[in-house]
Amino acid sequence: MTDIHIHTHFSSDSDESIERYLLAARADGDKTIGFSDHCDLDLMLDGQGGATLDVDGFFRETDDASEKFGDVKILKGAELGYSRKAEPYYVDMLRKYPFDYAIMSVHSVSGRGDCYYPAFFDGLDKRSAYELYLNAVLESVTSAVDFQVLGHLGYVARYAPYADKRLYCGEHASLIDKILEAVIERGAAIELNTRTGAEDRDVITPFDILARYVELGGRRFSFGSDSHKVEHYRTNADAVKSTLRRLGIGHTVRFENRVPVNEYL
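The sequence shown begins at 107 in the working numbering and counts up by one.
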């Protein structure tokens, strides 16, 4: 089961080296690893900071690492912070470069900034804040961007200030169904992201949403630790397997040349 959501020094919020991850993968006996550094054009184009991805440097360094660590296959990915302004840039980038996969993520919503920051929630009740986020996710999954994975669905709840910050499928049923149906139609995967921000959950996306995805016919799930340092590589991998078994799913997927490859539990 390949961890395909990993950040290195090519992300503005990480200083981790590719080599240290590869040493960890080798020590664990992993044959495949996927790097997916941030491309935060959503924030940049909205004047909120962020950073673009040095794609040429990323490809050079991963290619060099592939020669040094020939026993571990390196998959090249990117995590794209979606906004409507950023969409044409991402379309162009993915046409120009041979990424194995792209993770579509929503961090920044409607000019309010990143959901990571308390200011995003100012003046908003829980329902309004979560609907802003979910509408942005719907826009991202129906965009022209050639993505393979929907990243950390439910991110808005990770840092929310509400007493009960859990995202409930039933409270946003129509909107969530549209998102899940769009993911299924595209043949993309829902990410089981283990960086939850909560001690009582193994993956960030609530189980009722994952179950609804399966009910609608979805069968593709990817594993992502969302690690920004090597100590978090493959965090809660066993919990991901347990979640999949509860859903009646016997495999995850990784993507090579943007084609899904099943990895059986």
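Each residue gets a CB set at the ideal place from its N, CA and C atoms; glycine is no exception.
Under the criterion of beta carbons closer than 8 Å, His213 and Asp148 qualify as touching, at roughly 7 Å. Ser234 sits in a helix when the DSSP states are folded into three classes. Three or more beta-carbon pairs separated by less than 8 Å are not found between the segment 226-236 and the segment 155-171, which leaves the two stretches without contact. Cβ contact annotation for Ala133 (same chain, cutoff 7 Å, sequence separation greater than five): none.
Around the beta carbon of Lys182, 16 or more other beta carbons lie within 10 angstroms, which makes this residue buried.
For the pair Phe141 and Phe116, the CB atoms are nearer than the 9 Å cut-off. In this structure, Tyr370 and Gly354 do not form a Cβ contact; the two beta carbons are roughly 14 Å apart against a cut-off of 8 Å. In this structure Ala269 is exposed. Its beta-carbon is surrounded by fewer than 16 other beta-carbon atoms within 10 angstroms. By the neighbour-count criterion, in which 16 or more other beta carbons inside 10 Å mark a residue as buried, Pro366 falls on the buried side.
Annotated three-state conformation of Met210 is strand, per DSSP. By the Cβ criterion, the segment 201-208 is not in contact with the segment 241-250, since fewer than three pairs of Cβ atoms, one from each stretch, lie closer than 8 Å. Secondary structure at Ile296: strand, using DSSP grouped into helix, strand and coil. Counting of Cβ neighbours within 10 angstroms places Ser280 among the exposed residues, the total staying below 16. For the segment 256-299, the continuous alpha helix (DSSP H) assignments of 4+ residues that do not extend past its boundaries occur at 279-292, in sequence order.
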